[in-house]
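The working numbering puts the sequence shown at residues 574 to 900.
Everything on this sheet refers to the single structure shown next.
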Amino acid sequence: MNDSKLDEVFRPFAKRLHANHMSRLGIANTMRLAHSYNRLKFGRQDDWRRALYQTQLSTLLEENGGLSRPPIEIKDGWALDASMSLPHLDRVLEDSEKIIAERSGERRSSKGAYRSYFQDVWTPEDLQKYPSFLDFATSSDVLSVVSHYLQSIPALSTTLPSGIRFVESNAAFDDQPDKPRDSQLYHIDYYSLPNVYVLVLLRDTTVEHGPWTFLPRGVSQKARVALNYWGRQRGYRVIDEEVYSVVDRKEVIEFCYPRGTVLFIESSGCFHYGSRNSIKPRFQLMIGYTGACRTDFTEAILPPKAYPVRDTDSRLRKMVLNKNMLE
Ligand SMILES: [Fe+2]
574 MNDSKLDEVF RPFAKRLHAN HMSRLGIANT MRLAHSYNRL KFGRQDDWRR ALYQTQLSTL
634 LEENGGLSRP PIEIKDGWAL DASMSLPHLD RVLEDSEKII AERSGERRSS KGAYRSYFQD
694 VWTPEDLQKY PSFLDFATSS DVLSVVSHYL QSIPALSTTL PSGIRFVESN AAFDDQPDKP
754 RDSQLYHIDY YSLPNVYVLV LLRDTTVEHG PWTFLPRGVS QKARVALNYW GRQRGYRVID
814 EEVYSVVDRK EVIEFCYPRG TVLFIESSGC FHYGSRNSIK PRFQLMIGYT GACRTDFTEA
874 ILPPKAYPVR DTDSRLRKMV LNKNMLE
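Next up, the structure:
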């Protein structure tokens, strides 16, 4: 049976297992099952990417333009870079202003109230129209950080989270601004182990902008065990009171920094929330990377996003933009 046939047969089960944030079997159990299923489909890709990471990473980075600055290292699940020196960041910020001027300030989709405090204004056409974003996302300086953390060659996520999101968080869109819910509540992402985000502040961000807020990995994992989080009887979202019953509030880190600051973070290891009461609109780029073998069923359920690949792209860039690639 080929992979698409396998998905076709399995899709109804996958949907049921995935519904309501994996509530049927619990998140940890569903992730284990999804990982086994995805090993059947993507085991070869996963092994290949891990082997290339072990044996050829420096060559791949070199072919892709090489490193331009001292390496950034993720520690305790996160790394912050406020140096403004990552390649193509200046172009990303410049293009972002065009997108903000064109699209921000009004609700662009009327699709229900789901996440009414948050909208992704990125469109697939932007991949070609504003190449700075993919140039940044596939630069050697960024990819070396993510590769070391994954111990593999990463791919841009093709399902959830979207590989590239250009997010406006705005309390003015929110139909219930005083009621934190959904991703405004603490959770740890289940998509992939690990799932790494590269977050870029596209405007100066303060507490009034509803910043991305997280707990470092070590503290998060202790809390996860203490709360039996990801266990079968547990919901995906956790209210503050519960988290702070096992974590000192002093551990909280808010991503409040000037425009152009970059956060590398393992969202599958760190408790996090964001976009709470953004009384000033917050603009943030969110780039999502995973390995080849994920821990959710979204690839069996959702149509995959495709990223443009050119013949002239480096091998590394091709691998990041094409998750299914295999040599
Ligand atoms: Fe999340």
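The beta-carbon is built from N, C-alpha and C at its ideal position, and this holds for glycine as well.
Values in this document were obtained by computation on a predicted structure and should not be read as measured data.
{"Item": "Of the listed residues TYR610, VAL715 and ASN743, nearest to ARG676 (C-alpha basis)", "Value": "ASN743"}
{"Item": "Beta carbon of PHE787 nearer than 9 Å to that of ILE860", "Value": "no"}
{"Item": "Touch test, the stretch 830-846 against the stretch 764-777, Cβ-Cβ under 8 Å, three pairs minimum", "Value": "yes"}
{"Item": "Residue span of the beta strand (DSSP E) that contains PHE856, given as start and end", "Value": "855-863"}
{"Item": "Cβ-based burial, ARG589 [other Cβ within 10 Å; buried from 16]", "Value": "exposed"}
{"Item": "Segment contact, 8 Å Cβ cut-off, at least three pairs: the stretch 625-643 with the stretch 713-727", "Value": "yes"}
{"Item": "Near ligand 2: HIS845 beta-carbon under 8 Å from a heavy atom", "Value": "With respect to ligand 2, the structure shown offers nothing to examine, as its ligands consist of ligand 1."}
{"Item": "Neighbourhood of THR779 by C-beta distance below 7 Å, restricted to the same chain and skipping five residues each side", "Value": "CYS829"}
{"Item": "Residues near ALA799 in its chain [Cβ-Cβ closer than 7 Å; skip 5 each side]", "Value": "VAL819"}
{"Item": "Beta-carbon spacing of GLU756, SER848 below 9 Å", "Value": "The displayed chain sequence assigns Ser, not Glu, to residue 756. Contact flag set, yes."}
{"Item": "Minimum C-alpha distance to ALA655 - residue among ASP884, GLY833 and ARG883", "Value": "GLY833"}
{"Item": "Contact between the stretch 864-884 and the stretch 582-598 (3+ Cβ pairs under 8 Å)", "Value": "yes"}
{"Item": "ILE812 burial status per 10 Å Cβ neighbour count (16 or more: buried)", "Value": "exposed"}
{"Item": "Burial state of ASN611 (16 or more Cβ within 10 Å)", "Value": "buried"}
{"Item": "Distance, LYS853 Cα to GLY783 Cα", "Value": "8 Å"}
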